[in-house]
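Asker:
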Amino acid sequence: MFLDNLKNSIHHSLFVLLAFFGSLSSVGAYSAEKTISDIANGDDGSVRIIEPKKEVPVAESASIDTEQFELGLFGGFLAVEDFNTNPVVGVSFSYHITPAFLAQLNYGESEVDRATFEENAGSGFNFLSNDDRNFEYYNILAGYRVLRGRSFIGRNKKYNSDIYVLGGFGAVDFAGDTNVSIVLGTSYRVVLTDSLVANIDFRGHSVDRDFLNDDKRTFNTEFLFGLNWLF
13 MFLDNLKNSI HHSLFVLLAF FGSLSSVGAY SAEKTISDIA NGDDGSVRII EPKKEVPVAE
73 SASIDTEQFE LGLFGGFLAV EDFNTNPVVG VSFSYHITPA FLAQLNYGES EVDRATFEEN
133 AGSGFNFLSN DDRNFEYYNI LAGYRVLRGR SFIGRNKKYN SDIYVLGGFG AVDFAGDTNV
193 SIVLGTSYRV VLTDSLVANI DFRGHSVDRD FLNDDKRTFN TEFLFGLNWL F
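Numbering follows the working numbering, in which position 56 of the sequence shown is assigned residue number 68; successive positions increment by one, without gaps.
1) Check whether the Cβ atoms of Tyr176 and Thr198 sit closer than 8 Å, and answer yes or no.
2) Between Phe139, Phe86, Arg157, Glu131, which lies nearest to Phe186 when the distance is taken from Cα to Cα?
3) Which residue's Cα is closest to the Cα of Val100: Lys228, Tyr149, Val203?
4) On the three-state DSSP scale, how would you describe Glu63?
5) For Thr205, is the classification buried or exposed, using 16 other Cβ atoms within 10 angstroms of its Cβ as the cut-off for buried?
6) Look at the alpha carbon of Val92 and the alpha carbon of Leu153, and state the distance between them as a whole number of angstroms.
7) In this structure, how does DSSP classify Arg167 when only helix, strand and coil are distinguished?
8) Could you give the DSSP three-state label for Arg201: helix, strand or coil?
9) Please return the same chain residues whose Cβ sits closer than 8 Å to the Cβ of Asp125, not counting the five positions on each side in sequence.
10) State buried or exposed for Asn211, treating a residue as buried only when at least 16 other CB atoms are found within 10 Å of its CB.
11) DSSP three-state label for Phe113, please.
12) Among Gly155, Asp174, Arg157, whose alpha-carbon lies nearest the alpha-carbon of Phe164?
13) How is the beta strand (DSSP E) around Ser106 delimited, first residue to last?
14) Residues in its own chain within less than 7 Å of Tyr156 by CB, not counting five upstream and five downstream?
15) Could you compute how far the alpha carbon of Thr110 sits from the alpha carbon of Glu131?
16) Run the CB neighbour count on Gly40, radius 10 Å, all protein chains shown included, and call it buried at 16 or more, exposed below.
17) If you follow the beta strand (DSSP E) that Ala91 is part of, which residue opens it and which one closes it?
18) Could you compute how far the alpha carbon of Arg215 sits from the alpha carbon of Gly84?
19) Please identify the residue among Glu63, Tyr200, Ser218 whose C-alpha is closest to the C-alpha of Phe181.
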């Protein structure tokens with residue numbers, strides 16, 4: 013009798029334990045399913061942020077990489093001291109020694125109109141003949157890049173750009189005389205494409221002058237726009 017009661021107690025206990033663990037398993041599965049469902053549907057009041065997987069294309073600006081030479085044309089205005097301001101045109105050749113240094117050769121010419129003192133003297137007075145009014149210069153310059161950045165045109169277009177300081181020596185032919193010049197200036201350069209560079213330059217030519225019998229050092233300035241082909 014005692015053994016029968018013990019067996020019944022053990023069977024009853026096992027049944028209770030099995031029922032208890034079975035209920036825990038079903039509750040856990042239901043809770044996990046509910047949690048996943050609630051997060052997906054936002055039923056728990058939380059905000060789920062989904063980050064889209066997207067690749068942003070890298071836009072590369074045109075730049076001077078393997079090219080070392082530039083051949084260019086320029087035009088602008090030349091102000092000759094004691095005379096006036098006239099158009100000037102010319103050609104240039106540049107060699108990029110390093111990304112920060114360049115060497116440059118320039119040739120330019122301008123036709124100088126009658127000076128103020130000639131105008132004041134009357135229409136019949138011409139201090140210079142027509143042949144002597146041609147202002148020509150040759151120079152060799154060294155350039156050092158002091159600033160590098162990007163220039164923006166509108167919202168969507170940007171270009172690599174640089175600012176150089178320039179300095180060097182040359183020669184000026186004017187009024188039938190040739191004199192050595194000292195040239196100083198700056199150059200703002202924009203890389204438009206992989207083979208085209210635009211520049212805006214301001215340069216000054218310091219030249220000794222003696223054809224007016226005043227033995228004077230003059231400073232003749234020019235403002236230029238140029239386009240250069242890279243190769």
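From the three backbone atoms N, C-alpha and C, an ideal C-beta is built for every residue, glycine too. Bear in mind the structure is a predicted one, so any value in this text is a computation, not a measurement.
Answerer: Quick answer:
1) For the pair Tyr176 and Thr198, the CB atoms are nearer than the 8 Å cut-off.
2) Considering only alpha carbons, the answer is Phe139.
3) Ranking Lys228, Tyr149, Val203 by Cα distance to Val100 puts Tyr149 first.
4) It is coil, neither helix nor strand.
5) Thr205 comes out exposed.
6) Rounded to the nearest whole angstrom, the CA to CA distance from Val92 to Leu153 is 20 Å.
7) It is coil, neither helix nor strand.
8) Reduced to three states, the DSSP call for Arg201 is strand.
9) These residues qualify, in order along the chain: Phe95, Asn96, Asn98, Arg145.
10) Around the Cβ of Asn211, a 10 Å sphere holds 16 or more other Cβ atoms; the residue is buried.
11) It is a strand residue.
12) Of the listed residues, the one whose Cα sits closest to Phe164 is Asp174.
13) Run containing Ser106: 97 to 108, per the beta strand (DSSP E) assignment.
14) So the list reads Ala112, Phe113, Tyr176, Val177, once near-sequence residues are dropped.
15) Cα to Cα, the separation comes out at about 49 Å.
16) Legend: pLDDT at Gly40 = 48, less than 50; position of this residue unreliable, no value from coordinates given.
17) Element bounds for Ala91: 81 to 91.
18) Straight through space, the alpha carbons of Gly84 and Arg215 are spaced by roughly 16 Å.
19) Out of Glu63, Tyr200, Ser218, Ser218 has the C-alpha closest to the C-alpha of Phe181.
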